[in-house]
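This report concerns only the one structure given below.
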Amino acid sequence: MTASFFISPRLKAQVKVSLAGLASGFAMLTATLPAIAYCRADLPERIDAIAANPALQSARLGLLVEIQAQNADQRRVIYARDQDRYFLPASTLKLLTTAAALQQLGPDFRIRTSIYGTEAAGIASLYVVGRGDPTFTTAELDELIQQLQQRGIQRVSNLTGIDTYFPGRTVNAHWEWEDVQAGYGAPVNSLILNQNELGLTVFPQQIGQPLRVEWDNPQRAGRWQIDNYSLTVGAGEPEFVDIGRDIGQPLLKVYGHLIAGAEPETTTIAITNPGAYFLQQFQQQLQRQNIAAVSGVLSPLSLPADVTELAAVESPPLSDWLTQINQLSVNLHAEALLKSLGLATAETPPDDATEAGIAAVKAILEPMGIAPESFVMVDGSGLSRHNLTTPQALVDTLQAMAYAPEAERYRRSLAIAGVNGTLRNRFRGTMVEGQLQGKTGLVSGNYALVGYLNPPQHPPVVFSLFVNNAAQSGRAIRALMDEMVLEIAQLNDC
2 MTASFFISPR LKAQVKVSLA GLASGFAMLT ATLPAIAYCR ADLPERIDAI
52 AANPALQSAR LGLLVEIQAQ NADQRRVIYA RDQDRYFLPA STLKLLTTAA
102 ALQQLGPDFR IRTSIYGTEA AGIASLYVVG RGDPTFTTAE LDELIQQLQQ
152 RGIQRVSNLT GIDTYFPGRT VNAHWEWEDV QAGYGAPVNS LILNQNELGL
202 TVFPQQIGQP LRVEWDNPQR AGRWQIDNYS LTVGAGEPEF VDIGRDIGQP
252 LLKVYGHLIA GAEPETTTIA ITNPGAYFLQ QFQQQLQRQN IAAVSGVLSP
302 LSLPADVTEL AAVESPPLSD WLTQINQLSV NLHAEALLKS LGLATAETPP
352 DDATEAGIAA VKAILEPMGI APESFVMVDG SGLSRHNLTT PQALVDTLQA
402 MAYAPEAERY RRSLAIAGVN GTLRNRFRGT MVEGQLQGKT GLVSGNYALV
452 GYLNPPQHPP VVFSLFVNNA AQSGRAIRAL MDEMVLEIAQ LNDC
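If you're matching positions, the sequence shown starts at 2 in the working numbering and goes up one per residue.
Right under this line is the structure:
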């Protein structure tokens with residue numbers, strides 16, 4: 002069988018060794034120099050000087066900086082470079098998904114998971130109906146079981162899963178094979194459990210010994226088998242971890258090297274049959290709570306008419322789990338939200354929830370000033386390399402959301418530089434720390450950073466920065482991008 006492999010992001014960065022390290026070191030050195038405020042007219046020269054760095058020679062750079070407006074008539078451009086050309090947005094595409102969803106669904110939107118059925122004399126026939134709640138975990142399973150126990154149910158004679166709420170594919174056709182094997186590319190179905198992923202950790206041992214592989218929750222790992230071809234190595238040796246999956250059977254192949262005494266490496270794998278996994282875990286949880294239960298089966302049919310709702314749980318309000326999307330960049334949450342948006346806005350039942358969601362995003366954002374032709378969207382998370390957006394589209398989105406009714410909730414969902422989310426390790430100890438609320442993006446040599454920035458001596462600004470087709474290391478590219486943001490932060494109001 003053919004195996005597909007994926008490597009952890011941390012170790013990818015470690016094994017990419019190039020002369021770009023010199024550029025990275027220079028950029029980080031200049032980033033720590035004392036801040037000197039200057040006027041807006043000086044910004045282009047300073048940005049262009051950074052853009053001329055040899056590390057960016059083969060890359061495409063796009064940047065748009067505007068003063069944050071209080072309404073559509075107050076827009077003012079400070080710097081523009083290829084702002085109307087397409088770039089690969091990676092996870093910054095999530096800003097479009099969440100802006101549209103927050104506007105249309107509202108901050109109090111919740112997703113309900115229900116158990117329907119019939120019961121008599123403590124024996125029940127159950128139908129579990131999922132509606133794509135990405136926050137649903139084993140804790141919610143236990144809550145449902147507790148409600149069944151309160152009804153006096155002691156045995157389940159039939160356990161059926163209805164996993165058809167989201168029409169269309171559970172795995173986006175535009176995603177790479179490597180991505181759909183990893184936890185960050187897990188299928189997005191209607192019966193979601195624990196983000197449809199399994200976690201594992203790889204630990205170095207004594208030199209010459211295989212790495213130790215442990216499941217985060219062995220009970221959930223079930224029948225997975227691990228073939229271990231890894232090795233613990235000495236100091237100075239290159240580190241990498243590859244996790245391969247055997248197609249068609251629960252078999253992992255672990256390759257790689259970690260240095261003895263080094264930090265362990267964590268990763269996740271996608272559950273490829275999440276509906277069946279949900280029912281399997283539900284049956285096991287029922288039995289642990291002393292409710293006898295038969296094995297569950299998935300049904301493509303609609304819910305029978307003669308059943309009633311016996312138990313239900315709801316997700317937290319959308320305003321609470323927006324941070325999972327914009328701050329922590331969890332793809333599954335973004336995709337489930339896009340599908341929910343599609344179903345909520347479609348005039349007739351759609352053939353594909355994702356396609357309906359994309360149409361909804363364009364329809365919702367256009368009246369807000371975001372031109373439909375300024376972005377190409379094939380998913381809700383930005384994982385696909387087929388997504389495209391202009392710097393203008395994302396600045397327009399952030400500008401519109403800055404004076405929208407849900408402005409504060411939207412901004413709170415973003416990462417804060419040097420504090421949390423995907424920006425927690427960037428800009429620490431600089432004037433940008435705590436002053437930038439933004440969203441990062443990274444897909445194989447393509448980098449993005451979009452956000453709201455509060456320069457200490459200048460009115461707040463909105464910016465959208467892209468570097469595509471970069472040949473140098475991620476560390477070098479991010480350092481140069483951060484240097485540009487630091488230049489923007491030094492603006493004076495003159």
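Cβ coordinates follow ideal geometry from the N, Cα and C atoms, glycine included.
For residue i, does the count of other Cβ atoms within 10 angstroms reach 16, so buried, or fall short, so exposed?
i, result
"W496", "Beyond the ends of the chain as shown, which are 2 and 495, falls residue 496; an answer cannot be given."
"V298", "exposed"
"R221", "buried"
"R152", "exposed"
"G370", "exposed"
"P205", "buried"
"V78", "exposed"
"A293", "exposed"
"Y224", "A small correction: the amino acid at residue 224 is Arg; Tyr does not occupy that position in the sequence shown. So R224 counts as exposed."
"I112", "buried"
"A73", "exposed"
"T161", "buried"
"A471", "buried"
"N54", "buried"
"A121", "exposed"
"Q182", "buried"
"S296", "exposed"
"A312", "buried"
For residue i and residue j, which I take to be in contact (beta-carbon distance under 8 Å), what is that distance rounded to the nearest angstrom?
i, j, result
"P318", "F110", "7 Å"
"V433", "V486", "6 Å"
"F464", "V66", "4 Å"
"Q281", "L142", "So it is not a contact: roughly 11 Å between Cβ atoms."
"Q104", "T346", "Rounded, the Cβ-Cβ distance is 11 Å, inconsistent with contact."
"P457", "I68", "Contact doesn't hold; Cβ gap of about 15 Å is too wide."
"Q491", "A38", "5 Å"
"L212", "L259", "6 Å"
Tell me whether residue i sits in a helix, a strand or coil according to DSSP, three-state version.
i, result
"G276", "helix"
"R156", "strand"
"F110", "coil"
"I146", "helix"
"Q217", "The sequence shown places Asp at residue 217, not Gln. DSSP places D217 in coil when its eight states are reduced to three."
"G475", "helix"
"L319", "helix"
"T31", "Any answer about T31 is weak, because its pLDDT of 44 lies below 50 and its placement is not dependable; what the coordinates show is given next. Reduced to three states, the DSSP call for T31 is helix."
"D49", "helix"
"I260", "strand"
"F88", "strand"
"E356", "helix"
"D380", "coil"
"A125", "strand"
"S465", "strand"
"D397", "helix"
"I79", "strand"
CA-CA distance, residue i and residue j?
i, j, result
"L302", "G131", "14 Å"
"E240", "Y230", "14 Å"
"L415", "N327", "5 Å"
"I507", "Y128", "Here the chain has residues from 2 to 495 only, and residue 507 is not among them."
"T267", "W216", "10 Å"
"R76", "A70", "5 Å"
"G435", "L454", "9 Å"
"E198", "G186", "9 Å"
"L366", "A372", "8 Å"
"S320", "I270", "28 Å"
"K340", "R476", "34 Å"
"T139", "N195", "7 Å"
"A1", "E336", "This structure leaves residue 1 out entirely; the chain is present only between 2 and 495."
"D83", "Q438", "23 Å"
"A408", "L389", "25 Å"
"N332", "C40", "39 Å"
"D1", "N493", "It is not possible to answer for residue 1, since the shown part of the chain is limited to 2 through 495."
"Q250", "V214", "19 Å"
"T136", "A277", "18 Å"
"M29", "E484", "Its pLDDT being 47, under 50, M29 is placed unreliably by the model, and the measurement read from it follows with that caveat. Rounded to whole angstroms, M29 to E484 spans 8 Å at the Cα level."
"N426", "V462", "22 Å"
"N291", "S126", "16 Å"
"G169", "Y411", "29 Å"
Of all Cβ atoms in chain C, is any one closer than 8 Å to the Cβ of residue i?
i, result
"Q284", "Judged by its chain identifiers, the structure shown contains no chain C, having just a single protein chain."
Can we count residue i as close to the ligand MN, meaning its CB is less than 7 Å from some heavy atom?
i, result
"L192", "With respect to the ligand MN, the structure shown offers nothing to examine, as it has no ligands at all."
**Prompt:** When the Cβ atoms of the stretch 83 to 97 are set against those of the stretch 431 to 451, are three or more pairs found closer than 8 Å?
**Reply:** Verdict: yes, contact present.
**Prompt:** Does the stretch 279 to 296 come close enough to the stretch 145 to 160 to have 3 or more Cβ pairs within less than 8 Å?
**Reply:** yes
**Asked** Should the stretch 176 to 185 be called in touch with the stretch 113 to 122, which here means at least 3 C-beta pairs below 8 Å?
**Response** no
**Request:** Give a yes or no on contact between the stretch 348 to 364 and the stretch 44 to 59, applying the rule of three or more CB pairs nearer than 8 Å.
**Result:** no
**Inter-stretch contact at 8 Å, needing at least 3 Cβ pairs: the stretch 402 to 414 / the stretch 93 to 108** = Segments in contact, yes.
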